[in-house]
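Numbering (full-length UniProt numbering), first residue to last: 1 to 828. For every residue, glycine included, the Cβ atom is placed at its ideal position computed from N, Cα and C.
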Ligand SMILES: *Cc1c(COP(=O)(O)O)cnc(C)c1O
């Protein structure tokens, strides 16, 4: 929908005479400069977040043709842009929300607001699938921040819209009131309330109360009556404010929607339910309890909207799963594959492209493989014209369209190399791995196109053991540690040893997005790789054995200085490459006795530093060696005390402030009063707990390791298994061979029952010695077949259990996973 700029100015209480161009028209709201598509009609909101400031992108957007901006101040540069409108407000985010709120109020249509800990996206997408024959629907795209995402979704409502479905996620108290005021849902849904995102709330009760605020003033609310917390929180609301409720239950036949029975087969479930005194049935192609919970929620909404149970049953049969995960995989010929199995429509394309751009490296071209899109708000022709414009604006080099519509509307695709295929099969037949090289490839297809075939073709296959890395969990863990330190304290993320074995580049990208201040790597090469991949944040190099000073200075990698000899070397080499006041980090030895200056060496160091201007101390730091051993706290306090003395000596010798830092993961938790200017977070980022007093329980595991059963056999008692015949069967047993061995980092000490592998819900002991590429497992108690995926560590087997079995620490387990094991990164 289009607004004149004067209408927008009105909403924001800005006088029209402040506008340079009163004729301007706005049809697009923009908050992320990377998502720019239609400059002329775009209104850009310069939002300030913890890590970024939208005002920094104004000049660039102006160059790209944007002329309308909402800002919190103007400066010399923007004042010079005389043909552009600057709407100056106190807070651009609030202004965005005000515009959305005012827009929303113009429409008297049903609006569904969904909140809950999980299932929001699935319920939203399923309601769309189930209701799109009856309504023209606007719904929120995949979005990571509701305070911004909700206003942008509401903006999409126009005169044709008959129903809006909006997802409202919150992470802390006070947020839902704001969202409710914008969305003004007529139907409110609570999917469920689990323990996710607990850190923002004092208690489960507080979280439930906050979430339930979305239900205020709804005509109808939908929730599960079997959850006592939700039910008790909603009860007081029902008395004052809500017209109707559809509380569903599996046990209480007096509830509005009673699910009487659930009969499951392999692939589907049949639900018998009672609503309005009538008993009906439906069958949905899902069997997990989580999916069925979402099915019932959708059912309740459809019943409320008056849709006939026979029609509901018909549509439920055709529901397709919603892939909420984007996978990042290593592809053939140095490609990166980004696989998005989310719904295929225009709405979800922009977030996928944005994700791709955040991941893609500078040396890569970008390619997109896309299936036919589901027609949405736009007519077919307009839809494909818009897709083409979007891809063109994003500088996509190669485009592959798959499906009948793609072929039909291919003529609209301009400005890139395009190829079209009638079917996925045709693509797989005609294309080969050699057609893709040094590219980041977005593979996005509707489920019915079975793009797994394409991913099979493009994925670099090495070996069937994979380490999966959950980037959401990483961001969560980073935020957890951030919440333990003062806002002014900076954070260094330790991504040494290739990110504790998980792969430093993906981790660094995610941490950079999270607003981390510094990265630390072990070796200079790791730093160079990160720079080449586009990491711009400051990087400290810990490992002192520099071999190539040129790249150290050229790539602006800040070294640790631990000895006079090394400092002299740095000064000599730095001078060659024109370094001036190059930041370095002084390492103090306070008790580890590995590397660093002791107090007696400081005068010599100070003299050396004063004699030159090639390097300049940016920080001084030390490392605790027994932070995790309460029995040795006296030693830690000695270290902290010695650190204080040394840093005072150093600081006194310089006029500029030198940053101080000494805490590692455990230190942050146990000695927060010594956080100084900065802390260094290591193992905790990867979700490993170092304290067992509950203080780190909020951490989520980041890495999980899986392998595959490649053979199964039954043997009689007395049979021996493996090298050395150490595995002697004491009963008739079923033995599986799993394709992971000590060459993958699965230590030989895990053999002979010293570790277990999780096989479809059963913990199964290893039998006999671990081989180089395989291990045998006793699966007599488990249900399994050849080809099944098994867990080595992850959700069901904590890494700590493996490190205990081997009498080592989780650090070693993580960093021992061999490079030949493929890493797969994903986020929800
Ligand atoms: C590895 C390392 C850390 C991080 O330690 P964790 O125990 O993993 O938090 C901090 N500082 C230095 C100097 C390190 O080498």
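Do residue 677 and residue 489 have their CB atoms nearer than 9 Å? The answer is yes: Cβ separation under 9 Å.
Within 10 angstroms of its Cβ, does residue 430 collect 16 or more other Cβ (buried), or is it exposed? Exposed, since its Cβ has fewer than 16 Cβ neighbours within 10 Å.
Within a Cβ cutoff of 7 Å, which residues of the same chain sit near residue 386, ignoring the five residues on either side of it in sequence? The beta carbon of residue 386 is closer than 7 Å to those of 346, 378 in its chain, skipping five residues each way along the sequence.
Thinking just about the alpha-carbon of each residue, which of 41, 508, 322 is nearest to the one in residue 118? Among 41, 508, 322, the Cα nearest to that of residue 118 is on 322.
Can you determine whether any heavy atom of ligand 1 sits closer than 8 Å to the C-beta of residue 496, and answer yes or no? In this structure, ligand 1 has a non-hydrogen atom nearer than 8 Å to the beta-carbon of residue 496.
In angstroms with no decimal places, state the Cα-to-Cα distance between residue 229 and residue 183. One C-alpha to the other measures close to 24 Å.
Can you check the segment 593-649 for any beta strand (DSSP E) of at least 3 residues that lies completely inside it and give the ranges in chain order? Correct list: 615-621.
Distance check for residue 206 and residue 173, CA to CA, integer angstroms please. Taken atom to atom, the span from the alpha-carbon of residue 173 to that of residue 206 is near 8 Å.
Within 10 angstroms of the Cβ of residue 623, are there 16 or more other Cβ atoms? Answer buried if so, exposed if not. Answer is buried; the Cβ neighbour count reaches 16.
Nearest candidate by alpha-carbon position, reference residue 318, set 572, 127, 650: The shortest C-alpha separation from residue 318 is found at 127.
Chain-order list of residues whose beta-carbon lies under 8 Å from that of residue 473 (same chain, five-residue window excluded): Excluding positions up to five away in sequence, the list reads 687, 700, 701, 702.
Report the residue from 770, 682, 759 whose alpha carbon sits nearest the alpha carbon of residue 835. In this structure the chain extends from 1 to 828, so residue 835 is not present and cannot be described.
Considering residue 585, what are the terminal residues of the beta strand (DSSP E) in which it resides? Start and end: 582-587.
Segments of 3+ residues assigned as beta strand (DSSP E) that fall wholly inside the UniProt domain "Alanine racemase C-terminal" (702-826): Inside the UniProt domain "Alanine racemase C-terminal" (702-826), DSSP marks whole beta strand (DSSP E) runs of 3 or more residues at positions 703-715, 733-738, 756-759, 762-767, 775-778, 789-793, from first to last along the chain.
Selected residue, minimal CA-CA separation from residue 629, among 643, 669, 156: When 643, 669, 156 are compared, the shortest CA-CA separation from residue 629 is found for 669.
Report the partner residues of residue 224 according to the DSSP bridge assignment. According to DSSP, which records beta bridges pairwise, residue 224 is partnered with 248.
Can you tell me where the alpha helix (DSSP H) with residue 304 in it begins and where it stops? Looking at the DSSP string, the run of the alpha helix (DSSP H) that includes residue 304 is 289-304.
Residue 591: beta carbon under 8 Å from a heavy atom of ligand 1? Checking the Cβ of residue 591 against ligand 1 gives no.
Is residue 597 near ligand 1, judged by its Cβ being under 8 Å from some heavy atom? Result no, Cβ not under 8 Å from ligand 1.
Please report the residue range of the beta strand (DSSP E) in which residue 271 lies. From DSSP, the beta strand (DSSP E) with residue 271 extends over 269-275.
Count the C-beta pairs between the segment 416-425 and the segment 277-295 that are closer than 8 Å, then say yes if the count reaches three, no if not. Taking a cut-off of 8 Å for Cβ pairs, the segment 416-425 and the segment 277-295 do not touch, as fewer than three such pairs fall below it.
Residue 251 to residue 277, Cα distance in whole Å? The C-alpha of residue 277 is placed about 16 Å away from the C-alpha of residue 251.
Say whether the segment 724-731 touches the segment 815-828, bearing in mind that this needs 3 or more beta-carbon pairs closer than 8 Å, one atom from each stretch. Contact between the segment 724-731 and the segment 815-828 is absent, with fewer than three C-beta pairs closer than 8 Å.
Can you find the residues in the same chain that come closer than 8 Å, C-beta to C-beta, to residue 41, ignoring five residues on each side of it along the sequence? Only 2, 25, 26, 27, 28 meet the Cβ criterion.
To the nearest angstrom, how far is it from the Cα of residue 769 to the Cα of residue 777? Residue 769 and residue 777: Cα-Cα distance of roughly 10 Å.
Taking all protein chains shown into account, decide if residue 747 is buried (16 or more other Cβ within 10 angstroms of its Cβ) or exposed. Counting Cβ neighbours within 10 Å, residue 747 comes out buried, since at least 16 surround it.
What is the rounded straight-line gap between the Cα of residue 716 and the Cα of residue 812? Answer to the nearest angstrom: the Cα atoms are 37 Å apart.
Option nearest residue 217 by Cα separation, candidates 786, 238, 792, 202: Nearest option by C-alpha distance: 238.
As assigned by DSSP and simplified to three states, the class of residue 103: Residue state, collapsed to three classes: helix.
Distance check for residue 504 and residue 530, CA to CA, integer angstroms please. Roughly 8 Å separates the two Cα atoms.
Using 8 Å as the cut-off, classify the Cβ of residue 684 as near or not near the heavy atoms of ligand 1, replying yes or no. At least one heavy atom of ligand 1 falls within 8 Å of the beta-carbon of residue 684.
Quick check on this structure: which residue in 34, 783, 20, 822 has the alpha carbon closest to the alpha carbon of residue 390? Here the closest residue by C-alpha is 34.
Taking C-alpha atoms, which residue in 572, 783, 587 lies nearest to residue 580? When only C-alpha atoms are compared, the closest one is 572.
Would you kindly work out how many angstroms separate the C-alpha atoms of residue 31 and residue 203, rounded to a whole number? Looking at the two C-alpha atoms, the distance is approximately 33 Å.
Along the chain, where does the beta strand (DSSP E) containing residue 398 start, and where does it finish? In the DSSP assignment, residue 398 falls within the beta strand (DSSP E) that extends over 398-402.
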